[in-house]
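168 is the number that UniProt numbering gives to position 168 of the sequence shown; each next residue is one higher, with no gaps.
Where is the CB? At the ideal position from N, CA and C, for every residue including glycine.
Bear in mind that the values here come from a model prediction, so they are computed numbers and not experimental data.
Take a look at the structure below.
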Amino acid sequence: MSFFVSTPIGRVLSRVSLDLNIIDLDVPFALMFTLGASLNALNNLGVLAVVSWEVLLVSMPMIVLATRLQRYYLASAKELMRINGTTKSALANHLSESISGAITIRAFEQEDRFLAKYLVLVDKNAGPYFYNFAATEWLIQRLEIMSATVLSFTAFVMALLPQGTFSPGFVGMALSYGLSLNVSFVFSIQNQCNLANQIISVERVNQYMEIQSEAAEVLEENRPATYWPKDGNVELRNLKIRYRKDAPLVLHGITCKFKGGDKIGIVGRTESGKTTLIGALF
Ligand SMILES: Nc1ncnc2c1ncn2[C@@H]1O[C@H](COP(=O)(O)OP(=O)(O)OP(=O)(O)O)[C@@H](O)[C@H]1O
Ligand SMILES: [Mg+2]
Numbered sequence: 001m002s003f004f005v006s007t008p009i010g011r012v013l014s015r016v017s018l019d020l021n022i023i024d025l026d027v028p029f030a031l032m033f034t035l036g037a038s039l040n041a042l043n044n045l046g047v048l049a050v051v052s053w054e055v056l057l058v059s060m061p062m063i064v065l066a067t068r069l070q071r072y073y074l075a076s077a078k079e080l081m082r083i084n085g086t087t088k089s090a091l092a093n094h095l096s097e098s099i100s101g102a103i104t105i106r107a108f109e110q111e112d113r114f115l116a117k118y119l120v121l122v123d124k125n126a127g128p129y130f131y132n133f134a135a136t137e138w139l140i141q142r143l144e145i146m147s148a149t150v151l152s153f154t155a156f157v158m159a160l161l162p163q164g165t166f167s168p169g170f171v172g173m174a175l176s177y178g179l180s181l182n183v184s185f186v187f188s189i190q191n192q193c194n195l196a197n198q199i200i201s202v203e204r205v206n207q208y209m210e211i212q213s214e215a216a217e218v219l220e221e222n223r224p225a226t227y228w229p230k231d232g233n234v235e236l237r238n239l240k241i242r243y244r245k246d247a248p249l250v251l252h253g254i255t256c257k258f259k260g261g262d263k264i265g266i267v268g269r270t271e272s273g274k275t276t277l278i279g280a281l282f
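What follows is the structure, given as structure tokens:
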């Protein structure tokens, strides 16, 4: 129960709806596209390397550079997706609270305030998503500039070589293969990044797989005797209660006896722990 007490409902809602939705519908496709695109790029590279191994001289630095760019991009992009996930919870929370409190909000004519807060939360949530989008464009732009540079440089070198070094058919084939290698390469990296962004949802749901469980409902070795309770005596000795591990003590050592058959009233100012005491007895 402490999980439900300490976790806002919006956070649970967003994991079981939005994140599971991404895991069920988007991740499989992203995985498929990533695998397909990466195999395609590797395939293109393989064919080109067999036809002329010199292509490796150009492709290897390109792959190293692209991987570094990708790593640089992913560090920010993943964090942006995480922020997007956490702010989504705040949004869902506000929405569910507003819906359940609609009558009170209307009674006090606070619709405008709640709408304004809603819009602020929407902006906060959409911001990181947009930045993630922009970061992806940043990466794609650099990858495309890189591959365009390599391709045009190759074409330039081929044009500079003395006539007859390569047959025109070979030049055409090499360039078109190079082009398709570049395109498939950029496409593959784009898909890998997309997958990495969506995997954040798996990470978020996975956090809920490791919640500490409550103690077992019945502890066989602690079962009271069948004739229990013989008479309704209750004795508390130095009862201390806190709601969670690191929370402050709510009851600071209560010692008292309730005799069987007595009717007891517990008096205290608000928040003094009356409900906590009766809860502890149950
Ligand atoms: N589920 C909970 N998780 C954490 N703290 C709690 C929880 N329920 C109560 N508390 C805290 O325990 C303290 C005692 O609360 P409790 O509800 O037992 O008081 P009370 O005497 O019943 O108050 P009231 O007169 O308002 O019913 C308060 O400081 C409250 O904030
Ligand atoms: Mg109470």
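- Between residue 175 and residue 41, the C-beta spacing is not below 8 Å.
- Listed by position along the chain, the residues with Cβ atoms less than 5 Å from a non-hydrogen atom of ligand 1 are 5, 243, 250, 270, 271, 272, 273, 274, 275, 276.
- About 12 Å separates the beta carbons of residue 140 and residue 183, which is beyond the 8 Å limit, so they are not a contact pair.
- A straight line joining the alpha-carbon of residue 191 with that of residue 61 spans about 21 Å.
- With contacts defined by Cβ atoms closer than 8 Å, residue 281 and residue 254 do not form a contacting pair.
- For the options 227, 242, 240, 233, the alpha carbon positioned closest to that of residue 257 is the one of 233.
- Residue 218 carries a coil assignment under DSSP once its states are collapsed to helix, strand and coil.
- By the criterion of at least three beta-carbon pairs nearer than 8 Å, the segment 78-87 is in contact with the segment 119-131.
- Pairing residue 37 with residue 147 gives a Cβ-Cβ distance that is not under 8 Å.
- Only buried fits residue 73, as 16 or more other CB atoms lie within 10 angstroms of its CB.
- The Cβ neighbour count for residue 149, taken over all protein chains shown within 10 Å, is under 16; the residue is labelled exposed.
- Cβ contact annotation for residue 19 (same chain, cutoff 6 Å, sequence separation greater than five): 201, 204, 205, in chain order.
- Apart from the 5 residues on each side of it in sequence, residue 3 sits with its Cβ closer than 8 Å to the Cβ of 211 in its chain, given in chain order.
- Under the 10 Å beta carbon count, residue 55 is surrounded by 16 or more other beta carbons and is classified as buried.
- About 15 Å separates the Cβ atoms of residue 207 and residue 22, ruling out a contact at the 8 Å cut-off.
- Residue 264 has its alpha-carbon roughly 44 Å from the corresponding atom of residue 109.
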